[in-house]
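J.:
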Ligand SMILES: Nc1ncnc2c1ncn2[C@@H]1O[C@H](COP(=O)(O)O)[C@@H](O)[C@H]1O
Ligand SMILES: Nc1ncnc2c1ncn2[C@@H]1O[C@H](COP(=O)(O)O)[C@@H](O)[C@H]1O
Ligand SMILES: Nc1ncnc2c1ncn2[C@@H]1O[C@H](COP(=O)(O)O)[C@@H](O)[C@H]1O
Ligand code: NA
Ligand code: NA
Ligand code: NA
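Chains as they are written, first to last, in this note's numbering: chain A, 52 to 154; chain B, 52 to 154; chain C, 52 to 154; chain D, 2 to 322; chain E, 2 to 322; chain F, 2 to 322.
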């Protein structure tokens, strides 16, 4: 099967910042992403869990973008502007995709 | 620790197609997968979120398969037959695993 | 944007073992991880789903660690000690991160 | 009629829906967790099915039951053809989209049905308990019609034999009919045991559920630009046309006033659970935004606010009830 | 007895279970979200614990309380040994699997207990409020016995000191005993404040919870091929044997008819929450499909449908109550 | 006063909170799913808002309504300045952290308010229905004050225009005011339809919700080492000081005894939903552990157990009610 190179960007970010991040992605011309829930975790600011939480102040989500390599820089700049001052982890990995025209 | 090469295939697909996909994977001899929930996302067909949804018509899941490199083609063909006409993103990445005999 | 190499370790493990695993990671000096829910899956021990489940005896979670390459071995040993006898899949992949000082 | 409409518009359930709608349009972050929404829908299906069954146990099987079931099935088969025709005239959407939409309007929306029963109860109007079974029977046939409409065009819909099992055994049909059977078996005695769960808090749960429906409809309305004017007109006209058909059939069957109202409501309402899921599987090329927006953001609000009181007054006029 | 069994089989709670079972066997997609299932189990534990505590506050501490607690603990320790012996004779499963299964049968299933209290209430039979505490006390000892059985074989079970804290402080024990304590402290006055939450809707919630249990048991039955015939026979025989032991102990203790029934039910029921989790941690090599399927898909349905009315009639016969 | 405190401490709702607290401190795995916790909070907001609205429909709009709303808003603006001053004196935390904490104490905790209304109902003390609207009005102004305090220091808080929409339209405000409006529109007639949902089971749901709050507070207490002694003292002193201010304002306004108590409780309570979310967005450099732990693990338990009965007896003394 014909495969094409792409980048998989995973942005782990506070739930309260999700809308701001996706707006920034949109402005940078990114049109596709998926959001995964994160149940809990640990970092420099301690351990947390979503169990029994009512507010949106605690907790992260993962925003995942599959993107063509040449569009990566734009995305990263847009994302980083939002994530910069905030808790958040951004990773980029190489992947291969099938329908390249979609990204 | 002795590590072995493997492929990590992530198939993001509509929840209504999940059973059809896993059946196809089974027929192709794939025996291991995990399913992650997807909370929301955006693509060419617009933005969506599972919040407050009752029906199964909206929403995606991620089916993740770790598989030996030599079995990738079979898996991809089986998966693609299901995903083809449907909304869905398929990515393949290189990973290393410990207990290779399990895949 | 300046990127740095890192490893992304994904440990898919039974929910009952989650606390034991994160304690082991802590002891090995790992300070950052995120936990994703897994809704269902299939493996040598059959198919499962969290739907309607009350107990903690069924079901997996994914523990994800982003870590500097040089710290990988420690992490893997700590993780493997916990996972060894248990159901669980461990994968390692190369990623790039932005704020390397955080890992 | 006007008083009835005003009464309905100012009921807690409709106002809860409106609250949700406004909150979503104002982009508030108010939301109900998916699990809670599903839990409430399970509760409503169980309660409405059980009460229908108890009512059948109480009053015995009406002779018209079989006929009503059959008529419901025929309506469900026939309405999509009508809807398809109207859509081809009114709207510029593709054949496939039109057929997919048509399928939704032949099938039914159980929450519209539930809201109608609650209006009837408030007004002290009785209805045939087996209407719940009619509701279940009307869910699926429309899907067949939609697929037939599509296969007449270029495309062939992908109908694995599996899809039929899925549609006929989908969770809401099974729960509704199962609870109906349990109610019919345990009767008044069974009802007494669980009445303070399924009867007393019912309207309150319905409020919160409609709040959620309002939130979803509101989010849908924000996407309403996928609909051309013709489609929007269809979303309001079609229920009135269908209800008229339902009225005729109900009168022919000799149903009680309440029964006629419910058959009108079933005809007028559009599916937003079973049919969308089936369409995603069988007709992935149809645009889900179109059928979901029409069903949830146009027709559902119309039926809930204006349709139900309208159907009720017309039915009262025609049956003299 | 037959009338009682029929009555039980045709109650809303048993029929709800059957509905779930059939839906799962027919591969319907009906399902209850995990969060809702957990929510209902929290509700049931809180309600049953609270009511037990109030009953103790009302009637004072029975002199037999201490003796009953002790007997329950001994039963929980002893039953696994018996179960292990039976399994080694009846089934070909491995020592480790047999020991793990045995642990489940020494412990208890709280939903079976709840269903039994609901049958007793319907029949107007009172029981000692502290039986709730006995239920909590019987959860854990069986785990020790199972681990001892395993360590006698080749393997050593992995018993971090942590595991004990986890078992003794597992959510359901803490909630059950905590609610019991709150009920005992606040008594009738506290109950009045929350009765319309924990008393009135109780049976209805139990119906939906049993619907969910039916769905899970049905999914389990589809995997029942992991069980040989001997194992299946064990799943039906063991509860009867355990109930007989429970009966003897209950009569010796001089419990009321209701109390005897509940001690029989506790003895007869098999854990499906606390013990499986402990076994996954301590004995990962035991096959969870075996013990979960036996407990959930064989013994639980048996107790719910036939066991409870059987135990009740025998207890009535023996106590003359 | 002592009797009142004891009565309160031994009520099911406080004991449920204590149970959760102890379970979390003992590291039990007892937990309530996020979706269920959110579902309960939606229920409580809807019920308390609705009942407030009905009460306004019943008694008409009090002349003091406007004045009370205004006073509430002023209190919410002013309390953070006071809190900030106290924190700078008592604790060594950074200016930014102190300002963020201060914002929480100007705003309100709706569950503390709900618990207080439930204590008032038990004691048969009436209160102005519009206090619910006052609660909603007091949520947001404090955030402005906190951001102003921060911007006076080095940092500039990041106030996208979006943030204001988010704060003013956050889910709990919208639901509370929306349900209030629905209650006011439908009045006693609307209440009758859903009373067995929003009135009868209310205290029971509150128990389970407080169990969850106890679990979260307990987990927070385990992190309490982020707080220095001064901060902990602040967490107990501040509510008493605020309540005193609230008392003064309430007396000046001529509120009923119940109304005075609720204004004291609103002043004394600290936000744990709206303000933390706003602070995460606008002041990410402030440490969330500090403000969440103070609000949830120190001030909330204090108000729930000792504060409410204290405020009630003082208010009774001062109003002679
Ligand atoms: N190295 C890491 N790997 C995976 N997730 C992380 C890592 N570091 C932080 N996180 C996630 O990001 C959250 C905030 O991290 P921090 O800002 O370090 O407190 C944590 O609670 C984790 O959920
Ligand atoms: N580039 C992408 N990266 C991640 N997820 C995507 C991407 N494109 C699409 N998706 C997901 O797939 C869904 C359907 O995509 P589409 O078919 O483009 O509407 C979206 O709503 C996303 O959840
Ligand atoms: N190859 C795989 N890829 C992804 N997930 C897997 C794989 N193998 C096993 N799993 C997950 O691990 C669980 C236990 O696997 P097993 O021990 O093989 O029964 C499965 O139910 C899956 O959720
Ligand atoms: Na219809
Ligand atoms: Na037992
Ligand atoms: Na305050």
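Cβ atoms here follow ideal geometry from the backbone N, Cα and C, with glycine treated the same way.
Select from the region 260-274 of chain F all residues with a C-beta closer than 7 Å to any C-beta belonging to chain A, and list them in chain order.
T.: Under the 7 Å Cβ criterion, the region 260-274 of chain F contributes 273, 274.
J.: Taking the alpha-carbon positions, what's the residue 175/E to residue 306/D distance?
T.: Counting from one through the fifth chain, the residue named residue 175/E turns up at place 174. Counting from one through the fourth chain, the residue named residue 306/D turns up at place 305. So the two alpha carbons sit approximately 47 Å from each other.
J.: Pull up the distance between the alpha-carbon of residue 153/D and that of residue 133/B, whole angstroms please.
T.: Here residue 153/D refers to the residue found at position 152 of the fourth chain. Here residue 133/B refers to the residue found at position 82 of the second chain. Cα to Cα, residue 153/D sits roughly 24 Å from residue 133/B.
J.: Compare the beta carbon distance of residue 244/F and residue 295/F with 9 Å and say whether it is the shorter of the two.
T.: To locate residue 244/F, count along the sixth chain from 1; it is residue 243. To locate residue 295/F, count along the sixth chain from 1; it is residue 294. Cβ atoms of residue 244/F and residue 295/F: not closer than 9 Å.
J.: Pull up the CB-CB distance for residue 221/E and residue 298/E, whole angstroms please, since I reckon it's below 8 Å.
T.: What you label residue 221/E is simply residue 220 of the fifth chain in a count that begins at 1. What you label residue 298/E is simply residue 297 of the fifth chain in a count that begins at 1. So it is a contact: roughly 4 Å between Cβ atoms.
J.: Could you confirm whether any beta carbon from chain C is found closer than 9 Å to the beta carbon of residue 147/B?
T.: As a working note, residue 147/B is residue 96 in the second chain. Output row for residue 147/B: interface = yes.
J.: Could you check the C-alpha separation between residue 177/E and residue 322/F for me, to the nearest Å?
T.: For the purposes of this step, residue 177/E is identified with residue 176 of the fifth chain, where counting begins at 1. For the purposes of this step, residue 322/F is identified with residue 321 of the sixth chain, where counting begins at 1. The alpha-carbon atoms of residue 177/E and residue 322/F are separated by roughly 40 Å.
J.: State yes or no: is the C-beta of residue 292/E nearer than 8 Å to some heavy atom of ligand 5?
T.: If you number the fifth chain from 1, residue 292/E lands on position 291. No; taking the cut-off as 8 Å, the Cβ of residue 292/E has no heavy atom of ligand 5 nearer than that.
J.: Taking CB distances under 9 Å as the criterion, tell me whether residue 120/A reaches chain C.
T.: Within the first chain, residue 120/A is the residue found at index 69, counting from 1. Answer no: the Cβ-Cβ gap between residue 120/A and chain C never drops below 9 Å.
J.: Report buried or exposed for residue 97/A, applying the criterion of at least 16 other Cβ atoms within 10 angstroms of its Cβ.
T.: The residue you call residue 97/A lines up with position 46 of the first chain. With fewer than 16 Cβ atoms within 10 Å of its Cβ, residue 97/A is classed as exposed.
J.: Considering only residues of the same chain and omitting the five flanking positions on each side of residue 31/F, which have a CB-CB separation below 6 Å?
T.: As a working mapping, residue 31/F is identified with position 30 in the sixth chain. Taken in chain order, the residues that qualify are 24.
J.: If distances are taken between C-alpha atoms only, which option among 130/C, 136/C, 119/C, 65/C comes closest to residue 91/C?
T.: Position 40 of the third chain, counted from the start, is the residue given in the question as residue 91/C. Residue 91/C has its Cα closest to that of 65/C, out of 130/C, 136/C, 119/C, 65/C.
J.: For ligand 1, is there any heavy atom lying closer than 8 Å to the beta carbon of residue 142/C?
T.: One-based indexing of the third chain puts residue 142/C at position 91. The answer is no for residue 142/C.
J.: Residues of the region 2-30 of chain D with a CB closer than 8 Å to any CB of chain F: list them in chain order, please.
T.: Of all residues in the region 2-30 of chain D, 11, 12, 13, 16, 17, 20, 23, 24, 27, 28, 29, 30 have a Cβ within less than 8 Å of some Cβ in chain F.
J.: Tell me the start and end of each unbroken beta strand (DSSP E) in the region 73-145 of chain B that is at least 3 residues and wholly inside, in chain order.
T.: Counting whole runs of 3 or more residues, the region 73-145 of chain B contains the beta strand (DSSP E) stretches 84-88, 91-94, 97-100, 111-118.
J.: Following the continuous alpha helix (DSSP H) through residue 232/D, name the residue where it begins and the one where it ends.
T.: Your numbering for residue 232/D matches position 231 in the fourth chain. Run containing residue 232/D: 230-254, per the alpha helix (DSSP H) assignment.
J.: For residue 209/E, which residues in chain D fall below 9 Å Cβ to Cβ?
T.: If you number the fifth chain from 1, residue 209/E lands on position 208. Under the 9 Å cutoff, chain D gives 40, 43, 44, 47, 198.
J.: Below 8 Å on the Cβ atoms is my guess for residue 266/D versus residue 114/D; work out the distance and round it to an integer in Å.
T.: Residue 266/D sits at position 265 when you count from the first residue of the fourth chain. Residue 114/D sits at position 113 when you count from the first residue of the fourth chain. At roughly 6 Å, the Cβ-Cβ gap stays under 8 Å, so residue 266/D and residue 114/D are in contact.
J.: Which residues in chain B sit within 7 Å of residue 83/A, going by Cβ to Cβ distance?
T.: In the first chain, counting from the first residue as 1, residue 83/A sits at position 32. Result: 93, 94.
J.: Would you please state the rounded distance, in angstroms, between the beta carbons of residue 112/B and residue 69/B? I believe it to be under 8 Å.
T.: What you label residue 112/B is simply residue 61 of the second chain in a count that begins at 1. What you label residue 69/B is simply residue 18 of the second chain in a count that begins at 1. About 5 Å; that satisfies the 8 Å criterion.
J.: Starting from the C-beta of residue 57/D, find all residues in its chain whose C-beta is less than 6 Å away, skip the five residues before and the five after it, and write them out in chain order.
T.: By 1-based counting over the fourth chain, the position of residue 57/D is 56. So the qualifying residues of the chain are 130, 131, 185.
J.: Between which residues of its own chain and residue 63/A is the CB-CB distance below 7 Å, once the five residues before and five after are set aside?
T.: As a first step, residue 63/A must be located in the first chain, where it is residue number 12. Taken in chain order, the residues that qualify are 89, 111, 113, 139, 140.
J.: When the Cα atoms are used, what is the spatial distance from residue 72/C to residue 163/E?
T.: What you label residue 72/C is simply residue 21 of the third chain in a count that begins at 1. What you label residue 163/E is simply residue 162 of the fifth chain in a count that begins at 1. Those two C-alpha atoms are separated by around 13 Å.
J.: Could you run through the region 50-64 of chain F and flag, in chain order, every residue whose CB is less than 7 Å away from some CB of chain D?
T.: So nothing in the stretch comes that close.
J.: In chain C, what lies closer than 8 Å to residue 290/E by C-beta?
T.: Mapped onto the fifth chain, residue 290/E falls at position 289. Those are 96, 97, listed as they occur along chain C.
J.: Across which residues does DSSP place residue 65/A in a beta bridge pair?
T.: Working through the first chain from its first residue, we reach residue 65/A at position 14. Bridge partners of residue 65/A: 111/A.
J.: Less than 8 Å between the CB of residue 107/D and some heavy atom of ligand 4, yes or no?
T.: As a position in the fourth chain, residue 107/D is number 106, starting the count at 1. Checking the Cβ of residue 107/D against ligand 4 gives yes.
J.: Please decide whether residue 164/D counts as near chain E, where near means a Cβ-Cβ distance under 9 Å.
T.: Numbered from its first residue, the fourth chain carries residue 164/D at position 163. Judged by the 9 Å Cβ criterion, residue 164/D is not in contact with chain E.
J.: Distance cutoff 9 Å, beta carbons only. Does residue 170/E sit that close to anything in chain F?
T.: Taking the first residue of the fifth chain as 1, we reach residue 170/E at position 169. Closer than 9 Å: yes.
J.: Alpha helix (DSSP H) containing residue 96/E: first to last residue?
T.: Start at 1 with the first residue of the fifth chain, and residue 96/E comes out as number 95. Run containing residue 96/E: 96-107, per the alpha helix (DSSP H) assignment.
J.: Please determine whether the Cβ atom of residue 279/D lies at a distance below 8 Å from any heavy atom of ligand 4.
T.: Within the fourth chain, residue 279/D is the residue found at index 278, counting from 1. No, the Cβ of residue 279/D stays beyond 8 Å of every heavy atom of ligand 4.
J.: Give the single residue among 37/D, 224/D, 255/D whose Cα lies nearest to the Cα of residue 293/D.
T.: In the fourth chain, counting from the first residue as 1, residue 293/D sits at position 292. With distances taken between Cα atoms, residue 293/D lies closest to 224/D.
J.: What residues of chain D sit near residue 32/E, judged by a beta carbon separation below 8 Å?
T.: Along the fifth chain, one-based indexing puts residue 32/E at 31. Simply 172.
J.: Do residue 181/F and residue 133/F have their beta-carbon atoms positioned less than 9 Å apart in this structure?
T.: For the purposes of this step, residue 133/F is taken as the residue at position 132 of the sixth chain. For the purposes of this step, residue 181/F is taken as the residue at position 180 of the sixth chain. For residue 133/F and residue 181/F, yes; Cβs fall inside 9 Å.
J.: What residues of chain C sit near residue 216/E, judged by a beta carbon separation below 9 Å?
T.: Taking the first residue of the fifth chain as 1, we reach residue 216/E at position 215. Within 9 Å Cβ-Cβ: 102, 103.
J.: Regarding residue 131/C and ligand 3, is the C-beta to nearest heavy atom distance less than 8 Å?
T.: In the third chain, counting from the first residue as 1, residue 131/C sits at position 80. Outside the cutoff, so no.
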